[in-house]
Amino acid sequence: MSEKKVHLGLLNPKSATNVGAVMRAAGCYAADKVMYTGERYDRAVKLNTDTKKISSSVPLIGVKNLLDNKSDDIKVICVDLVEGAVPLPAFEHPDNAFYIFGPEDGTISQKLINQADAVVYIPTIGCMNLAATVNVVLYDRLLKSAAHVTDNTLIRQSRDNNNKVKVKNRQTD
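According to numbering that gives the first Met the number 0, the sequence shown is numbered sequentially starting from 0.
This is how it looks when you write it as structure tokens:
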């Protein structure tokens, strides 16, 4: 069986802060690559907040059209507050997914929605920002996956160097 693929597509993101936070999420949730369209990010990149330098291991690629080089084995999932979309809690993530997120101050075009294999939304009151939406979708994917690791080794590898805190075993105290 082939390796699962997770790609993220950002439509004309305006905030380098959000893109930096998306990159951090991509690293935390093992996304394979992030692509973006438009010129606003390129102008704002001086404020980049990719504090974990994820872009050195997860490619961040500017493209003209997100779907131009999409492989046939990957499903396009648009994430936006659009009528008729499936609520995220009811959504079953495909193994190979290309999640596309609209801009912070706009929406995904009808043309792109029509090309999607699925359209999902997060049932919140009001809309979330780009980075928060990416984090929630990727966490939902992890939560519904049987592949997530839940042990102290992962905690030790993932936490900051200055964090050595442990939960006391209350049964032996």
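Ideal Cβ placement from N, Cα and C applies to all residues, glycine included.
Classification of residue i by the beta-carbon crowding that lies within 10 angstroms, buried from 16 upward
i, result
"R158", "exposed"
"I121", "buried"
"K45", "The pLDDT assigned to K45 is 48, lower than 50, so where the model puts this residue is not dependable, and the model offers no usable value."
"T149", "exposed"
"G105", "exposed"
"D67", "exposed"
Residue j beta carbon less than 7 angstroms from that of residue i
i, j, result
"G8", "I76", "no"
"N95", "I124", "no"
"L10", "M34", "no"
"K3", "R39", "no"
According to DSSP, residues forming a beta bridge with residue i
i, result
"M127", "M127 is not bridged to any residue."
Own chain partners of residue i with C-beta closer than 8 angstroms, once the 5 adjacent residues on each side are dropped
i, result
"P88", "P122 and D139"
"V81", "T106, I107, I112, V118 and Y120"
heavy atom of the ligand MN below 6 angstroms from residue i C-beta
i, result
"N128", "By its list of ligands, the structure shown contains no ligand whatsoever, and the ligand MN lies outside what it can speak to."
Endpoints, alpha helix (DSSP H) assigned at residue i
i, result
"I154", "N151 to S157"
"I112", "Q109 to Q114"
First through last residue of the beta strand (DSSP E) which encompasses residue i
i, result
"L231", "No statement about residue 231 is possible, as the shown extent of the chain runs from 0 to 172 and does not include it."
Sequence-distant residues of the same chain with beta carbon closer than 7 angstroms to residue i, five excluded per side
i, result
"N17", "E103, N128, L129 and A130"
"D116", "K74, V75 and I76"
"N162", "none"
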